[in-house]
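Participant: Quick mapping for you: the protein sequence lines, in order, are chains A and B. Residue numbers for the first sequence follow my numbering, beginning at 12 and rising by one. Residue numbers for the second sequence follow my numbering, beginning at 26 and rising by one. Glycine is no exception: its CB is placed at the ideal position from the N, C-alpha and C atoms. Keep in mind it's a predicted model, so treat the numbers as computed, not measured.
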Amino acid sequence: GDSVTQTEGLVTLTEGLPVMLNCTYQSTYSPFLFWYVQHLNEAPKLLLKSFTDNKRPEHQGFHATLHKSSSSFHLQKSSAQLSDSALYYCASSSSSFSKLVFGQGTSLSVVP
Amino acid sequence: DPKIIQKPKYLVAVTGSEKILICEQYLGHNAMYWYRQSAKKPLEFMFSYSYQKLMDNQTASSRFQPQSSKKNHLDLQITALKPDDSATYFCASSQEDRGGGTEVFFGKGTRLTVV
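1. Find the residues of chain E that neighbour A85 (chain B), judging by a C-beta separation of less than 7 Å, and give them in chain order.
2. Residues of chain B with a CB under 9 Å from the CB of L111 (chain A): which are they?
3. Using the Cβ count rule (16 or more neighbours within 10 Å means buried), how would you classify T23 (chain A)?
4. Going by other Cβ atoms of all chains shown within 10 Å of its Cβ, with 16 needed for buried, is Y60 (chain B) buried or exposed?
5. Taking only beta-carbon positions, decide if Q37 (chain A) is within less than 8 Å of chain B.
6. Rounded to whole angstroms, what is the Cα-Cα separation between T40 (chain B) and T76 (chain A)?
7. So what does DSSP say about L101 (chain B), is it helix, strand or coil?
8. Which residue from A:K110, A:W46, A:L51, A:L93 puts its Cα closest to that of F73 (chain A)?
9. Would you kindly report the start and end of the unbroken beta strand (DSSP E) that includes A97 (chain A)?
10. Quick check on P55 (chain A) - is its C-beta less than 8 Å from some C-beta in chain B?
11. I need the DSSP call for P108 (chain B), collapsed to helix, strand or coil.
12. Tell me the start and end of each unbroken beta strand (DSSP E) in the segment 34 to 78 of chain A that is at least 3 residues and wholly inside, in chain order.
13. For the segment 92 to 104 of chain B against the segment 44 to 64 of chain B, do three or more pairs of beta-carbon atoms, one drawn from each stretch, fall closer than 8 Å, so that the two count as touching?
14. Expressed to the nearest angstrom, what Euclidean distance is found between the alpha-carbon atoms of L46 (chain B) and L36 (chain B)?
15. Compute the distance between the beta-carbons of T49 (chain A) and N33 (chain A), then report whether it is under 8 Å.
16. Based on Cα-Cα distance, which residue from A:F108, A:L86, A:G27 lies nearest to R67 (chain A)?
17. Is Y114 (chain B) buried or exposed, if buried means 16 or more other CB atoms sit within 10 Å of its CB?
18. Along the segment 81 to 114 of chain A, what residues have a CB closer than 9 Å to any CB found in chain B?
19. If you count every other CB in all the chains shown that lies within 10 Å of the CB of H54 (chain B), and 16 or more means buried, which is it?
20. Considering L119 (chain A), what are the terminal residues of the beta strand (DSSP E) in which it resides?
21. What are the boundary residues of the beta strand (DSSP E) that includes V37 (chain B)?
22. Assuming I30 (chain B) and G132 (chain B) are in contact, meaning their beta carbons sit under 8 Å apart, how far apart are those beta carbons, in whole angstroms?
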């Protein structure tokens, strides 16, 4: 079945430094890839979604590029902010009725 | 205003008992889901429903039974509760089309603790 791998469990960064969270996937088909963000005691919310036409999605300063050759969809931001501290999930979906397959999640902690 | 309402927010249950988790969505979506998040596992898909019809079931145990009395309503009944069932259960919804890849909206979750 489909799977998503996030190699970092915890990332601690100083405010202002660049962010890069890794995500690779395995799928029989060409899935849609997503990044969801979950702040403490809140619901997960969509941050980014891959496009079918290879455009690079961007939101709140975050961007991600789908590389089919390496099966990756890494999340990046040029300058971390304290408010970016949250749990980030990479997810894939190969079917309708949005059965999302989530990675283990990466907890991002941005410190002053 | 929250558009996906889950009740209760917190729930403590005794091992062996039965509980029902409530979910209603007011986004007008045609699909609803249950996901589970525990300390040991990431967010995990459980069920998907569309217009009160079960579309997919990835839960091995029959102790978990979704119930849909209206198309915007999807409850989760859990019987013979075990401590391993302790988790946060998220209800979610989306507006599905044939293209797939639609955004899934999540409720705030019900945190279940089984003692």
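Facilitator: Reading it off the structure:
1. Looking at the structure shown, chain E is missing, and the protein chains on hand are A and B.
2. For the purposes of this step, residue 111 (chain A) is taken as residue 100 along the first sequence, with counting starting at 1. Within 9 Å Cβ-Cβ: Y58, Y60, L68, F70, A117, V129.
3. To locate residue 23 (chain A), count along the first sequence from 1; it is residue 12. Around the CB of T23 (chain A), fewer than 16 other CB atoms lie within 10 Å, so the residue is classed as exposed.
4. Mapped onto the second sequence, residue 60 (chain B) falls at position 35. Buried.
5. As a first step, residue 37 (chain A) must be located in the first sequence, where it is residue number 26. Not one chain B Cβ lies under 8 Å of Q37 (chain A).
6. Translated into positions along the second sequence, residue 40 (chain B) becomes position 15. Translated into positions along the first sequence, residue 76 (chain A) becomes position 65. The alpha-carbon separation between T40 (chain B) and T76 (chain A) amounts to approximately 46 Å.
7. Position 76 of the second sequence, counting from 1, holds the residue named residue 101 (chain B). DSSP places L101 (chain B) within a strand segment (E or B) once states are collapsed to three.
8. Counting from one through the first sequence, the residue named residue 73 (chain A) turns up at place 62. Measuring from the Cα of F73 (chain A), the nearest candidate turns out to be A:W46.
9. What you label residue 97 (chain A) is simply residue 86 of the first sequence in a count that begins at 1. 97 to 104 is the span of the beta strand (DSSP E), which, as asked, contains A97 (chain A).
10. For the purposes of this step, residue 55 (chain A) is taken as residue 44 along the first sequence, with counting starting at 1. Contact with chain B is found for P55 (chain A), since one of that chain's Cβ atoms lies less than 8 Å from the residue's Cβ.
11. In the second sequence, counting from the first residue as 1, residue 108 (chain B) sits at position 83. Note: P108 (chain B) maps to helix in three-state DSSP.
12. Within the segment 34 to 78 of chain A, the complete beta strand (DSSP E) runs of at least 3 residues are 35 to 37, 43 to 49, 56 to 60, 73 to 75.
13. Yes: at least three Cβ pairs fall under 8 Å.
14. Residue mapping note: residue 46 (chain B) aligns to position 21 of the second sequence, counting from 1. Residue mapping note: residue 36 (chain B) aligns to position 11 of the second sequence, counting from 1. In this structure, the CA atom of L46 (chain B) is about 9 Å from the CA atom of L36 (chain B).
15. Counting from one through the first sequence, the residue named residue 49 (chain A) turns up at place 38. Counting from one through the first sequence, the residue named residue 33 (chain A) turns up at place 22. Per the sequence shown, the amino acid found at residue 49 (chain A) is Gln instead of Thr. Not closer than 8 Å, so no.
16. If you number the first sequence from 1, residue 67 (chain A) lands on position 56. When each option's Cα is compared against that of R67 (chain A), the closest is A:L86.
17. On the second sequence, position 89 is the one that residue 114 (chain B) refers to. By the neighbour-count criterion, in which a residue is buried when 16 or more other Cβ atoms sit within 10 angstroms of its Cβ, Y114 (chain B) is buried.
18. Cβ contacts with chain B come from Y100, A102, S104, S105, S106, S107, F108, S109, K110, L111, V112, F113, G114.
19. Taking the second sequence and counting its residues from 1, one reaches residue 54 (chain B) at position 29. Here H54 (chain B) is buried: its Cβ has 16 or more other Cβ atoms, across all protein chains shown, within 10 Å.
20. Taking the first sequence and counting its residues from 1, the one referred to as residue 119 (chain A) is at position 108. First-last of the beta strand (DSSP E) with L119 (chain A): 117 to 122.
21. Walking along the second sequence from the start, residue 37 (chain B) turns up at place 12. That run of the beta strand (DSSP E) goes 35 to 38.
22. Taking the first residue of the second sequence as 1, we reach residue 30 (chain B) at position 5. Taking the first residue of the second sequence as 1, we reach residue 132 (chain B) at position 107. Confirmed, about 7 Å.
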